[in-house]
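Count along the sequence shown from 1, then add 30; that gives the number in the numbering used here.
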Amino acid sequence: MNKVYIETLGCKVNQYESAAIMDTLVNMGFEIAEKDINADILILNSCTVTNRTDFKSRNIIRRFLKLKSESPEKIIIVSGCYLQREKEQAIALGDIDALVDNNSKSTIPSIVEQIISSKNTFNNKYQQAHDFVCFDELPSSSMGEKSRAFIKIQDGCNFYCSYCAIPYARGNPRSRDPESILQQVKEMMDNGYHEFVLAGINQGLYGMDFKVKHQYINSLADLIQAICDIPNNKKIRLSSVEPQLFTNELLRVLYNNDQVCPHFHIPLQSGSDNILKAMKRKYDTHLFQNLVNNLVQNKANTALGIDVIVGFPGETDELFEQTYQFLKALPITYLHVFIYSKRRNTVAANMPHQINGKIAKERSQKLIELSQKKLHEYINNLLNKKVELTCIVETCEDGYCYGMTDHFVRTKFFCKDQSIEKGSLISLNPIKAESDYILAEMK
Ligand code: SF4
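Below, the structure is given as C-alpha cells:
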C-alpha cells in the first residue's frame, strides 16, 4: 500500500500544490506511481475554470472508480476547484474515500495514512470556500519532474469578475507568510533550483490581507525585492498579475532587479471597454495600453503574454474587431486565447446575447493567428539584436538540450558539455529562428 499517483488539472497553483503533496508523501516513504493502474492511492487535484475542465475532472474520477471496482483496496482522494464547486456531483459519481476542501490540501498526506491504518472512508471536516480564513501552508523543497520551482505565495480572489467561478472555489484572498516563502526559496536553491516562478490565484493582492503588518514585506513588490536580495539567487518569474495591480512600486522593483525575468503574463480579456465593463474588470484599455508601453520601454526586450477571452456575451463582430485591432497595435509577444465558458452561478451566465460557439471559435482562430505572427516578430527581433539568452534546461536528447529562455521562448542548442542536466542554467547566443523556437549555441 505505498504507491501514489496524482493527476493535476489547471493552473500553476494546482501544480505547486500537487508537487508539494507528493514531496511530503515521498518523504513519508511512499513511492511515485507513473501510471494510475500501478498505484494504491489515486489523488485528483481538479479544476473548474471551464466546462471542459469540469468534464475532465469527472472523467478522471470515473477512471479512478473503475480501477477501484477492479481492485477495491485502492484509495481515491479528490480535491481541487471542481470538487469545491460541484461536491454533490462528485459524490454522486461513486465511492470516493476522501473529499478534501481546497484549503486543506496540506492534510492529504495524513489522510492517506489514516485511511490506510483504519481502512475506512475518511470523514474529514469539509469547509465551504467562503469559510476559508488562513493560508494553507504546503511546504515543499522539490518540484518533482519540473525543472523550475513554483512557489505558491497567495490564494483566493474577491474580484468576482462576471465570468469567473474561481472566487467560489478558492475563497477570499489569503497571503502566505513571507518568512515561510523566503525559507522555501532558500531550501529550493540548496536543492539546485535556479528559477522561481511565483504563483497565486490573484498574486497582485499579496500582503493586502495581512492583519498585522510585517516588518519589511507587505506587498508583492516587497516580496520580490526580498527574494532578489537572497545571495546567489539567479532568476525569478512572475505568473499572471492583474493590470491594475502593477503599482509604481512593483514596476520599480521589476525594472531594478536583473533577476526578474523579462517576461510578464497579463490578463487583458477584451480590447473593448464595453466588454471589460460587462466583465466587471477593474481597468480599461487606456490603463492596459499605458502598462504595456511602460513595461516594454523600461525592461529591455520584455516578452508579454496576454490572456484574452472571445465570445463573451454581447461581444458583437464590431466589439471583437476592437479587441483584434487593439492587440494588433500593441507591442505584445503572444496571446493565450480562451473561448468564453458559461459557468454556473456567475453573473455572465445569465446575461443576454450569449455567443454562438462557431463564431467564438472563428474569433479564437483569428487571434491565434495574430499571436503566431507576433511571436515570430518578437523572436526575429531578439535575433536581430543578438540578445544574449539564458535558459533553464528541460530535456536533453540526442546531443541537444531543450528549454525555455528568460524571455519565455523555447530554445534548442547543441550540448557541448555532457554534464549538463535538467534544471541547469545555461547562457546562449541565438543563431536562428526555427518555427517557434530559437536555435542557439552555448557561450
Ligand atoms: S481576478 Fe477575476 S478572473 Fe482572476 S481569479 Fe479573480 S475573479 Fe477570476
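Ideal Cβ placement from N, Cα and C applies to all residues, glycine included.
The ligand SF4 heavy atom lying under 7 Å from the CB of residue i
i	result
residue 41	no
residue 47	no
residue 272	yes
residue 189	yes
residue 194	yes
residue 183	no
residue 231	yes
residue 197	yes
Residue i, enclosing beta strand (DSSP E) - first and last residue
i	result
residue 344	First-last for residue 344: undefined, no H or E at that position.
residue 433	430-435
residue 91	Residue 91 -> not in any beta strand (DSSP E); alpha helix (DSSP H) instead, spanning 81-100.
residue 460	455-464
residue 290	First-last for residue 290: undefined, no H or E at that position.
residue 265	265-268
residue 36	33-38
residue 387	Per DSSP, residue 387 belongs to no beta strand (DSSP E); it is in the alpha helix (DSSP H), 387-414.
Straight-line Cα distance separating residue j from residue i
i	j	result
residue 75	residue 203	20 Å
residue 279	residue 90	43 Å
residue 195	residue 450	43 Å
residue 387	residue 341	8 Å
residue 197	residue 191	9 Å
residue 314	residue 303	6 Å
residue 215	residue 252	15 Å
residue 376	residue 248	31 Å
residue 331	residue 403	17 Å
residue 360	residue 354	10 Å
residue 185	residue 239	11 Å
residue 381	residue 311	16 Å
residue 122	residue 106	14 Å
residue 463	residue 473	18 Å
Residue i CB to nearest heavy atom of the ligand ZN below 7 Å
i	result
residue 461	The ligand ZN is absent from the structure shown, which contains only the ligand SF4.
Alpha helix (DSSP H) segment containing residue i, residue limits
i	result
residue 198	196-200
residue 472	It is not in any alpha helix (DSSP H) - residue 472 instead sits in the beta strand (DSSP E) that spans 467-472.
residue 141	138-148
residue 315	315-328
Test: residue i CB closer than 8 Å to a CB of chain D
i	result
residue 343	Protein chains in the displayed structure number just one, and chain D is not present.
Taking 8 Å as the cut-off, does the segment 161-177 touch the segment 71-86 (at least 3 CB pairs, one atom from each stretch)?
Output reads no: the segment 161-177 does not touch the segment 71-86.
Assess, as a yes-or-no matter, whether the segment 355-371 is touched by the segment 332-346 under the definition of 3 or more beta carbon pairs within less than 8 Å.
A contact exists between the segment 332-346 and the segment 355-371.
Does the count of Cβ pairs from the segment 289-308 and the segment 262-280 closer than 8 Å reach three?
Remark: three or more beta-carbon pairs, one from each stretch, lie closer than 8 Å, so the segment 289-308 and the segment 262-280 are flagged as touching.
Count the C-beta pairs between the segment 440-456 and the segment 394-413 that are closer than 8 Å, then say yes if the count reaches three, no if not.
No: fewer than three Cβ pairs fall under 8 Å.
Between the segment 65-72 and the segment 42-51, are three or more C-beta pairs nearer than 8 Å?
Contact fails: fewer than three Cβ-Cβ distances are below 8 Å.
The segment 81-99 in contact with the segment 48-57 per 3-pair CB rule at 8 Å:
The segment 81-99 and the segment 48-57 do not touch, with fewer than 3 CB-CB distances between them shorter than 8 Å.
Under 8 Å: do the segment 131-148 and the segment 99-113 share three or more Cβ pairs, one atom per stretch?
A contact exists between the segment 131-148 and the segment 99-113.
Across the segment 421-432 and the segment 168-179, are there enough close Cβ pairs to call them in contact, namely three or more that are closer than 8 Å?
Pairwise C-beta distances place the segment 421-432 in contact with the segment 168-179, as three or more of them are shorter than 8 Å.
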